[in-house]
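*Asks:* Numbering (our numbering), first residue to last: 23 to 275.
Here it is: the structure, laid out below.
Written out as C-alpha cells, the structure reads:
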C-alpha cells in the first residue's frame with residue numbers, strides 16, 4: 023500500500039511543465055490546514071483520516087502539475103508508517119470503535135510549528151506596520167477600514183482550486199497538453215486585471231465554465247507570478263475569499 027501511494031506522488035519527469043512550491047510552507051502547513059478545516063482538537067484527530075486527506079492533497083498537487091518537494095514525500099511516508107503501525111493487530115487497536123490518534127511526536131511537531139508560524143506572522147506584521155508608518159506621509163482617508171489581509175497558505179490555495187476543479191463537470195476526460203503559451207496567456211490576463219483594479223477576487227480570473235486546462239494553467243500562472251515577485255495572494259481570514267494583489271514592486275508609479 024505504501025509503495026503504491028508513494029508512486030502516485032509527483033516528481034517524475036514526464037515532459038509536462040513543472041512549478042516548484044518553495045514560495046509556500048511545507049508539509050506541516052498542509053497538515054495544520056487539514057486539522058483547522060476539520061475544526062477539532064489536535065488530540066482528537068485520527069491518524070487514518072489525516073493520512074487519507076494528506077495523500078489526497080498530494081494527488082491534487084499532481085493534477086495541478088506541482089513538483090512536490092522531498093519533505094512532502096517524507097511526511098507522506100511517515101504518515102503511512104504511523105497509520106500502518108496503528109492498524110497492526112494487538113492491544114486496544116483491535117477494538118473496532120477505537121480511533122487511532124496522531125502519535126505524540128507528530129502532535130508535538132505540529133504544535134511547535136504552529137507556535138513558530140504565529141511568531142513569524144507577528145514579527146512580519148510588526149515590520150510591515152513600521153514600514154507603512156514611514157512610507158505614508160499623507161495617508162488617504164477611507165470611509166471604513168477593511169479587515170487586515172493575511173497571506174494565503176498552500177492549503178487554502180489548493181482548496182480553492184479543488185473547489186473550482188470539482189465544479190467543472192467535463193463529460194469526457196481528455197488528456198490535456200499544456201504548453202507555455204497557455205500559462206503565459208493566464209499571466210497576461212491576471213496582469214491586465216490588476217492594472218484595472220488594486221485587487222481581484224480569485225473567482226474573477228476564470229471564465230464562466232472553466233476547463234481543467236484553464237484551471238491548471240491559472241494555478242501555474244499564479245505560482246509563477248508569486249515566485250517572480252509580481253503577485254501577492256491574500257485573504258481577510260483563514261478559509262476566506264482569496265484575493266490577488268499586485269506585489270509592491272509591480273505597483274504603478
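Note that beta-carbon positions come from the ideal geometry of N, C-alpha and C, so glycine has one too.
Predicted model only: the values in this text are computed from it and were never measured.
#1: Would residue 49 and residue 108 qualify as a contact pair, given that the criterion is a beta-carbon distance under 9 Å?
#2: State yes or no: is the C-beta of residue 245 within less than 9 Å of the C-beta of residue 88?
#3: Check the C-beta distance from residue 126 over to residue 68 and give it rounded, since I have them as a contact under 8 Å.
#4: If you compare alpha carbons, which of 177, 61, 59 and 229 is closest to residue 82?
#5: DSSP three-state call for residue 292: helix, strand or coil?
#6: Quick one: what's got a C-beta closer than 8 Å to residue 56's C-beta in the same chain, skipping five residues either side?
#7: Start and end of the alpha helix (DSSP H) containing residue 75?
#8: According to DSSP, which residues form a beta bridge with residue 222?
#9: Distance, Cα to Cα, residue 185 vs residue 106?
#10: Rounded to a whole number of angstroms, what is the C-alpha to C-alpha distance between residue 227 and residue 251?
#11: Assuming residue 253 is part of the beta strand (DSSP E), what are its boundary residues?
#12: Have a look at the DSSP bridge pairing and note the partners of residue 123.
#13: In whole angstroms, what separates the C-alpha of residue 188 from that of residue 230?
#14: Just reading off the alpha helix (DSSP H) that residue 240 is part of, what are its end residues?
#15: If I'm right that residue 257 touches residue 205 with Cβ under 8 Å, what's the distance once you round it to whole angstroms?
#16: Within its chain, find whatever has a CB closer than 7 Å to the CB of residue 132; leave out the 5 residues flanking it on each side and keep chain order.
#17: Could you check where the alpha helix (DSSP H) with residue 55 kicks off and where it finishes?
#18: Alpha carbon to alpha carbon, how far is residue 253 from residue 243?
#19: Tell me the rounded alpha-carbon separation between residue 94 and residue 84.
#20: Would you grab the beta carbon distance between residue 240 and residue 265 for me? Rounded to a whole angstrom, and I think it's under 8 Å.
#21: CB-CB under 7 Å to residue 183, same chain, minus the five flanking residues each way: which ones, in chain order?
#22: Classify residue 255: buried if its beta carbon has 16 or more other beta carbons within 10 angstroms, exposed otherwise.
*Replies:* With the structure as the only source:
#1: Against a cut-off of 9 Å, the Cβ pair of residue 108 and residue 49 comes out as no contact.
#2: yes
#3: 15 Å between Cβ atoms; not a contact.
#4: 177
#5: Because the chain here runs from 23 to 275, residue 292 falls outside it and cannot be looked at.
#6: 72, 75, 76, 79 and 177
#7: 69 to 85
#8: 266
#9: Rounded to whole angstroms, residue 185 and residue 106 show a C-alpha spacing of 30 Å.
#10: 19 Å
#11: 253 to 257
#12: Partner(s): 68.
#13: 14 Å
#14: 234 to 249
#15: So it is not a contact: roughly 24 Å between Cβ atoms.
#16: 50, 53, 54 and 64
#17: Secondary structure note for residue 55: its alpha helix (DSSP H) is the uninterrupted segment 49 to 60.
#18: 10 Å
#19: 12 Å
#20: Their Cβ separation, rounded to whole angstroms, is 15 Å, which puts residue 240 and residue 265 out of contact at 8 Å.
#21: 86, 237 and 241
#22: buried
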